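In the working numbering, the protein residues as written are 30 to 159.
Written out as structure tokens, the structure is:
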């Protein structure tokens, strides 16, 4: 027989135990390269506060499109929309809408967020003049 303990773990001799004090990564004081300073606060790319209680159109990853009133959002771009109407388009290009009511839209699925008011179509500035 050998002199080694027959079970693993615990605070036995030898063997790199995980946990406890000492080595390892992370934890309260370990792991980060930034010692003593506070992390800078991440700022959202979009300032959605100016669109609160205003009507916006949201396009999703799968091609769905909804229009509703923005009631709330968070740092992950999850949106709370009220009085939502989904725009459904068929193969021929016909549009119809259906009411959805109150919706929580997951931020990872958002592709485009546009305000309903303040948008206007312009001529393509990159098209070659004919």
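Backbone N, C-alpha and C fix where the C-beta goes; we use that ideal spot for every residue, glycine too. Quick caveat: nothing in here was measured; it's all calculated off a predicted structure.
Requested in this report: Identify, in the order they occur along the chain, each residue of the same chain with its Cβ nearer than 7 Å to the Cβ of residue 140, setting aside the five sequence neighbours on each side.
Outcome: 88, 89, 90
Query - Those runs of the beta strand (DSSP E) which lie wholly inside the region 83-141 and span at least 3 residues - result: 84-89, 94-102, 108-118, 124-134
**Report entry** Whole-number beta carbon distance between residue 124 and residue 93, since they are thought to touch under 8 Å
**Finding:** That belief does not hold up - the Cβ atoms of residue 93 and residue 124 are roughly 13 Å apart, past 8 Å.
Report task. Report, in whole angstroms, the separation of the C-beta atoms of residue 105 and residue 134, which I expect to be a contact under 8 Å. Result -> Actually they do not touch by this definition, with Cβ atoms about 11 Å apart.
Requested in this report: Alpha carbon to alpha carbon, how far is residue 148 from residue 84? Give it in angstroms, no decimals.
Outcome: The C-alpha of residue 84 lies about 12 Å from the C-alpha of residue 148.
Query raised in the report: Given that a residue counts as buried once 16 or more other Cβ atoms are within 10 Å of its Cβ, and exposed if not, what is residue 131?
Result: exposed
Query raised in the report: Going by alpha carbons, who is nearest to residue 78 out of 157, 152, 100?
Result: 100
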